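Protein chains in written order, with the working numbering: chain P, 443 to 629; chain A, 4 to 464.
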């Protein structure tokens, strides 16, 4: 079987060649910046976490196992998410946000339609979620973690994860709705 | 509200990109490749960090190495405990022969007196026996000493090598002296003596000369040779007594079940000389005989399923395979019946694990639990050896196989191979509830014993 581009890159990464690492950075840093920004609202935090993530990748590239196309990206994303969570925990943002429990329940509504909303705006909405909600939401929706896994990752109770997710979801739906309303009104 | 829109959201955002923070690559480059860079200002600090990173990696490698070496030592240690069993045992039995010879001689003294032209030896014997009364210590200690001494005498060559490594000269002097005295203590209790006497009384008339020779020989060697020997075997032996494979000893002949064989019956029943058992009995007619059954340390291979209960606790079950091997040696050194019993067990354990330490791919844990085992097959191979020649060999299957229950505790080391799958090694201690009808195995002979488990563990989520 012919080696894919990804595999060739990995062999060079393993040799710790600077050019290979630069290529890796060039190819994935924008996507990882997005991943990281989903979790962290501060630009400086994103910078720090991404830097740490790449250093971690550099040191643990030996443990990477190629499992088909896209596995390198998945591996890098995992590391970045882990580093982000680490950062959130260290800063204590998360625990403080967990206690923001007094938001009213958002009533269930019809599915929000976000097809016409630019991705940058969606991104803005996600980032505007309270830290705790956002973390759980990100893990559940984008990292496809179960509430049980999230509970372990964040050191919270399983039902706490579920309820935070539920509220985050509601908040986001509301934001999307609001966004569309405001758009309509401007037109 | 349906979650479908969230899936859409994910796929929509999948390839989304954000602007990379400014100067990120430069910072990373400085951190990772600073050694090759000429950039002066940021180059200085990152270099230190790089060094730290390397140290970190080095430490990691060191840890793996140390872990590997520790595991290897643990396994070696256990193996050495299993291995040297054979040799010391032979020695021990010879010793008992010697002891028995003495006993014979003593018990037969009145008869001997009439024939005996060798009074000197006899008085010497008496003197030693007197000594012995004074020196009767704990039987275990004596056995140990005799054992060690015998080994020293007979295995000079073998020992030499190991001695170079395990030199313990400081303790050896006192020990040797002690053991010289202890050597002659008949440690077998009165009932055993009785049987021995009975057994040998028929042969007494032919044997007068022989025991004396042996005895004289032994004492001479004791006083001269053994004094120089080192006592490293003592520790080995106490280790064996305390922990390792169980051992049963009987005077006379015995079968692997531990039951004594009735020699008289065989003598009467078989009048043709082709029978190998008969041949052995005849060949040993003028020699002391004894039966030894040795049970080897059980080694278990397991396939475990492990279920995490939080960070440190876990629940495990799975399938275990255990092989129990026992050896029988019945007769004298050249003419004997040799039996090898092997029983294979399949068991289902239920374990609770507590992870004590977790470093990289290694997990150190303690575990406790219960195990139910069923022997799936077992066989006994009996070999008759006459004059060091194998005369006949037969194999029979064990058919009574009751369930065996046990509880156990162990400390283990696990190495993760891939995500969710690891190999482990667990030295531990187990207690088996006695089952009277079970085959004569280490479980029965020594309910509380050490064992060694190896296996593969699959993590369930």
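Yeah, the Cβ is synthetic: ideal placement off N, Cα and C, and Gly gets one too. Being a predicted model, the structure only gives us computed values, none of them experimental.
| query | From residue 482 of chain P to residue 407 of chain A, what does the alpha carbon distance come to, in whole angstroms? | reply | Here the question's residue 482 of chain P lines up with position 40 in the first chain. Here the question's residue 407 of chain A lines up with position 404 in the second chain. Between the alpha carbons of residue 482 of chain P and residue 407 of chain A lies a distance of about 58 Å.
Original post:
CB-CB under 6 Å to residue 461 of chain A, same chain, minus the five flanking residues each way: which ones, in chain order?
Top reply: Along the second chain, one-based indexing puts residue 461 of chain A at 458. Excluding sequence neighbours, residue 461 of chain A sits near 308 and 424.
- Close-in-space but distant-in-sequence residues of the same chain around residue 459 of chain A (CB under 6 Å, 5 per side omitted): Counting from one through the second chain, the residue named residue 459 of chain A turns up at place 456. Non-local beta-carbon contacts of residue 459 of chain A in its own chain, meaning distances under 6 Å to residues more than five positions away in sequence, involve 306 and 426 in chain order.
- Query: Taking a cut of 9 Å between CB atoms, which residues from the stretch 13-26 of chain A lie near chain P?
  - Reply: Those would be 13, 15, 16, 17, 18, 19, 20, 21, 22, 23, 24, 25 and 26, in chain order.
**Asked** Mind listing which residues of the stretch 472-501 of chain P have their C-beta closer than 7 Å to chain A's C-betas, in chain order?
**Response** The stretch 472-501 of chain P vs chain A, Cβ under 7 Å: 472, 473, 475, 476, 479, 485, 488, 489, 492, 493, 496, 497, 500 and 501.
Check each candidate in A:29, A:350, A:397 and A:354 and name the one with the smallest Cα separation from residue 380 of chain A.
Position 377 of the second chain holds residue 380 of chain A. Comparing Cα positions, the closest option is A:350.
### Query
Can you list, in chain order, the residues of the stretch 561-579 of chain P whose Cβ is nearer than 8 Å to any Cβ on chain A?
Sequence-ordered contacts of the stretch 561-579 of chain P with chain A read 561, 564 and 565 [C-beta pairs closer than 8 Å].
Practice problem: Return no unless some Cβ of chain A is closer than 8 Å to the Cβ of residue 460 of chain P. | Solution: On the first chain, position 18 is the one that residue 460 of chain P refers to. Yes, its Cβ sits closer than 8 Å to a Cβ of chain A.
Quick check on the burial criterion: 16 or more other C-beta atoms within 10 angstroms. Buried or exposed for residue 499 of chain P? As a working note, residue 499 of chain P is residue 57 in the first chain. The residue is buried, with at least 16 neighbouring Cβ atoms inside 10 Å.
Cβ pair residue 497 of chain P, residue 35 of chain A closer than 8 Å
Your numbering for residue 497 of chain P matches position 55 in the first chain. Your numbering for residue 35 of chain A matches position 32 in the second chain. Contact annotation: residue 497 of chain P and residue 35 of chain A have beta-carbon atoms nearer than 8 Å.
| message | Taking the straight line between their C-alpha atoms, what separation do you get for residue 167 of chain A and residue 312 of chain A? | response | Here residue 167 of chain A refers to the residue found at position 164 when the second chain is read from its first residue. Here residue 312 of chain A refers to the residue found at position 309 when the second chain is read from its first residue. Below a pLDDT of 50, predicted positions are generally treated as unreliable, and residue 167 of chain A, at 42, falls in that range; no measurement from the model is reported.
Cβ atoms of residue 393 of chain A and residue 386 of chain A: under 8 Å apart, would you say?
Start at 1 with the first residue of the second chain, and residue 386 of chain A comes out as number 383. Start at 1 with the first residue of the second chain, and residue 393 of chain A comes out as number 390. Yes; because the gap between Cβ atoms is below 8 Å, this pair is in contact.
| task | In the DSSP assignment, find the unbroken alpha helix (DSSP H) run with residue 447 of chain A in it and report its ends. | result | If you number the second chain from 1, residue 447 of chain A lands on position 444. Membership of residue 447 of chain A in the alpha helix (DSSP H) is indicated by the continuous run 445-448.
Should residue 583 of chain P be flagged as near chain A, meaning a C-beta pair shorter than 8 Å? As a first step, residue 583 of chain P is located in the first chain; it is residue number 141 there, counting from the start. Against chain A, the CB of residue 583 of chain P has a partner CB under 8 Å away; the residue lies at that interface.
Grouping DSSP H, G and I as helix and E and B as strand, with all else coil, what is residue 17 of chain A?
Along the second chain, one-based indexing puts residue 17 of chain A at 14. Residue state, collapsed to three classes: coil.
- Task: Can you tell me which of P:505, P:508, P:478 and P:506 puts its alpha carbon nearest to the alpha carbon of residue 494 of chain P?
- Result: What you label residue 494 of chain P is simply residue 52 of the first chain in a count that begins at 1. Ranked by Cα distance from residue 494 of chain P, the options P:505, P:508, P:478 and P:506 are led by P:478.
Roughly how many whole angstroms lie between the Cα atoms of residue 508 of chain P and residue 378 of chain A? Within the first chain, numbered from 1, the residue matching residue 508 of chain P stands at position 66. Within the second chain, numbered from 1, the residue matching residue 378 of chain A stands at position 375. Cα to Cα, residue 508 of chain P sits roughly 44 Å from residue 378 of chain A.
Spatial neighbours of residue 445 of chain A in its chain, beta-carbon cut-off 8 Å, leaving aside the 5 residues before and after:
Taking the first residue of the second chain as position 1, residue 445 of chain A is located at position 442. Cβ contact annotation for residue 445 of chain A (same chain, cutoff 8 Å, sequence separation greater than five): 248, 249, 298, 299, 300, 301, 327, 329 and 452, in chain order.
Check: Nearest chain P C-beta to residue 8 of chain A closer than 8 Å, yes or no?
Finding: If you number the second chain from 1, residue 8 of chain A lands on position 5. At least one chain P Cβ lies under 8 Å of residue 8 of chain A.
* By DSSP, does residue 599 of chain P sit in helix, in strand, or in coil? -> On the first chain, residue 599 of chain P is found 157 positions in, with the first residue counted as 1. Correct three-state label for residue 599 of chain P: coil.
I'd like to confirm the pairing. Which residues does DSSP put opposite residue 27 of chain A in its beta bridges?
Counting from one through the second chain, the residue named residue 27 of chain A turns up at place 24. Answer is none; residue 27 of chain A lacks a bridge partner.
Exercise. What number of angstroms, rounded off, separates the C-alpha of residue 518 of chain P from the C-alpha of residue 525 of chain P?
Worked result: Numbered from 1 along the first chain, position 76 holds the residue referred to as residue 518 of chain P. Numbered from 1 along the first chain, position 83 holds the residue referred to as residue 525 of chain P. Each residue's Cα considered, the two are about 11 Å apart.
Of the residues that make up the stretch 288-320 of chain A, which ones have a beta carbon closer than 7 Å to any beta carbon in chain P? Per Cβ criterion, the list is empty.
Self-check item: Residue environment, residue 476 of chain P, which counts as buried when at least 16 other CB atoms sit within 10 Å
Solution: Stepping through the first chain from its first residue, residue 476 of chain P is reached at position 34. By the C-beta density criterion, residue 476 of chain P is buried, having at least 16 other C-beta atoms within 10 angstroms.
* **Selected residue, minimal CA-CA separation from residue 603 of chain P, among P:625, P:491, P:464 and P:587** => Counting from one through the first chain, the residue named residue 603 of chain P turns up at place 161. Minimum Cα-Cα distance from residue 603 of chain P among the listed residues P:625, P:491, P:464 and P:587 corresponds to P:587.
### Query
Start and end of the beta strand (DSSP E) containing residue 296 of chain A?
Position 293 of the second chain, counted from the first residue, corresponds to residue 296 of chain A. Where residue 296 of chain A is concerned, the enclosing beta strand (DSSP E) starts and stops at 293-298.
| field | Residue-level contact to chain P via CB, residue 31 of chain A, 8 Å cutoff | value | Your numbering for residue 31 of chain A matches position 28 in the second chain. So yes, residue 31 of chain A belongs to the interface.
Where the beta strand (DSSP E) containing residue 564 of chain P begins and where it ends
Counting from 1 along the first chain, the entry for residue 564 of chain P is found at position 122. DSSP places residue 564 of chain P in no beta strand (DSSP E) but in the uninterrupted alpha helix (DSSP H) bounded by 561-570.
Examine chain P for any beta-carbon lying closer than 8 Å to the beta-carbon of residue 36 of chain A, and answer yes or no. Counting from 1 along the second chain, the entry for residue 36 of chain A is found at position 33. True, the Cβ-Cβ gap to chain P drops below 8 Å.
If you follow the beta strand (DSSP E) that residue 575 of chain P is in, where does it begin and where does it stop?
Here residue 575 of chain P refers to the residue found at position 133 when the first chain is read from its first residue. Not the beta strand (DSSP E): residue 575 of chain P falls in the alpha helix (DSSP H), residues 573-579.
### Task
Please state whether DSSP places residue 441 of chain A in a helix, a strand or coil.
Indexing the second chain from 1 puts residue 441 of chain A at position 438. Of the three classes helix, strand and coil, the one that applies to residue 441 of chain A here is coil, per DSSP.
query = Taking C-alpha atoms, which residue in P:620, P:487, P:563 and P:600 lies nearest to residue 20 of chain A?
reply = Residue numbering aside, residue 20 of chain A sits at position 17 when the second chain is read from its first letter. For the set P:620, P:487, P:563 and P:600, the Cα lying nearest the Cα of residue 20 of chain A is the one of P:563.
8 Å contact criterion, which residue 12 of chain A and residue 556 of chain P should meet: CB distance rounded: Residue 12 of chain A sits at position 9 when you count from the first residue of the second chain. Residue 556 of chain P sits at position 114 when you count from the first residue of the first chain. With a Cβ gap of about 7 Å, residue 12 of chain A and residue 556 of chain P count as contacting.
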